[in-house]
Amino acid sequence: PASYAQARIWLDERIRFDSKNSQVAIYNMPFLHRLSSGGTLSISKLRQALQHVLIKHSALRTSLYFDTNKNILMQKIIDHTDNKELFTFIESTFETDEDLNKIMHNERGNPNNFNLLTGVVCRCHVVYYKNISQKGIICEKDALIFNFHHALFDFPSMKMFCQDLDQAYTMGYLENDDNTTLRYLDCMLIYFVYCFYILY
275 PASYAQARIW LDERIRFDSK NSQVAIYNMP FLHRLSSGGT LSISKLRQAL QHVLIKHSAL
335 RTSLYFDTNK NILMQKIIDH TDNKELFTFI ESTFETDEDL NKIMHNERGN PNNFNLLTGV
395 VCRCHVVYYK NISQKGIICE KDALIFNFHH ALFDFPSMKM FCQDLDQAYT MGYLENDDNT
455 TLRYLDCMLI YFVYCFYILY
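Numbering (the numbering used here), first residue to last: 275 to 474.
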């Protein structure tokens, strides 16, 4: 079954923000990244690295669905053996900071960016400065947006995500070790410990 927090988010989206008629999403979590001066990234290596991270961290390939027979919200880890990309990949362009702000606004507020039923809860949006690269390279003026649905990702998880993405990009693989694998249960424990230290 899904956790209490997942059920609350799922239900909130359906009641307060009817997903069929909603014009805004409140559980999208976009993170904007820029490359360091002179830095470049290969799009194909980035996509492979992102796939490795999602294979390692099952929370990032988990669907939420309502089981009418049991009358309960369930979660299901999506299988990764068919080599299908487990995330949405988007490319677009911008010319001004205002253009980039509009793109970020869409990432933050578009209710169609994710599909909890199919487990597509991670999105990679490459935003090129002026022109889409014909060489498959992201350069320093370009931007990279990673976006997650909050039902399966939280702010403290971003550090681990970035570390694993960096390792997978640099080495071409990622060790699948249970001690460093992020599961939804881990996110909840991190959150409760974080709240405990803030409150006390």
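All C-beta atoms, glycine included, are put in the ideal place defined by N, C-alpha and C.
- In this structure, Tyr402 places its C-beta atom within 8 Å of the C-beta atom of Glu365.
- Taking a C-beta distance under 8 Å as the contact criterion, Phe420 and Phe305 qualify as a contact pair.
- Across the set Asn375, Cys413, Asn405 and Met348, the C-alpha of Met348 shows the shortest separation from the C-alpha of Thr336.
- Between the alpha carbons of Ser311 and Cys413 lies a distance of about 9 Å.
- A direct Cα-Cα distance of roughly 17 Å separates Leu334 from Gln441.
- Less than 8 Å separates the beta-carbon of Val298 from that of Pro385.
- Of the candidates Lys415, Gly446 and Ser277, the residue whose Cα lies closest to the Cα of Thr367 is Lys415.
- Annotation for His379: no beta strand (DSSP E) segment contains it, though the alpha helix (DSSP H) segment containing it runs Asp371 to Gly383.
- Cβ atoms of His423 and Val395 come within 8 Å of each other, at about 4 Å.
- Measuring C-alpha to C-alpha distances from Leu285 to each of Lys404, Ile377 and Leu338 identifies Leu338 as the nearest.
- In the DSSP assignment, no residue is bridged to Val298.
- Collapsing the DSSP output to three states places Glu359 in coil.
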